[in-house]
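Chemist: One structure follows; several queries about it will come next.
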Amino acid sequence: IFFYFHFRKKLRNGDYRKDSELQKKRSNLGLKLSKGSYILIGAFFVFILSSQIVGGIMVDIMIISIEIVGIALCSMGIVIFPEQLFTAYCKFKFKEFHIEE
């Protein structure tokens, strides 16, 4: 129900119109990450490498961190997948609905 209102708000704000902010992100493949994101990704890989070197209790911490990342990815999939279904429906249902490919 929450995502219905979220998409409805985006639709009313014109986020799916040509030259909107969302379209600019999609044309850039959505790869604009903040510096913090790059730092976290790098830190995660350094953490994995250091755990392979040190071993021991670090293995347990690594497994827990991988589980947390997996849960986060599943949650993101739950949020993003309905939006993709919604945009696909609108793209084929309404001629004036614009999605840049």
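Per our numbering, the sequence shown starts with residue 2, numbered consecutively.
Ideal placement from N, C-alpha and C gives every residue a C-beta, glycine not left out.
1) Am I right that V60 and S52 are in contact with their C-beta atoms under 8 Å? What's the rounded C-beta distance?
2) Is the region 4 to 14 touching the region 83 to 93, taking contact as three or more C-beta pairs under 8 Å?
3) Note down, one range per segment and in chain order, each beta strand (DSSP E) of at least 3 residues found wholly within the region 34 to 70.
4) Is the Cβ-Cβ distance between M63 and I40 less than 8 Å?
Modeler: Here's the rundown:
1) Confirmed, Cβ separation roughly 6 Å.
2) Two segments are said to touch when three or more pairs of C-beta atoms, one from each, lie closer than 8 Å; by this definition the region 4 to 14 touches the region 83 to 93.
3) Note on the region 34 to 70: there is no whole beta strand (DSSP E) run with a minimum of 3 residues.
4) Taking the C-beta atoms as reference points, I40 is found no nearer than 8 Å to M63.
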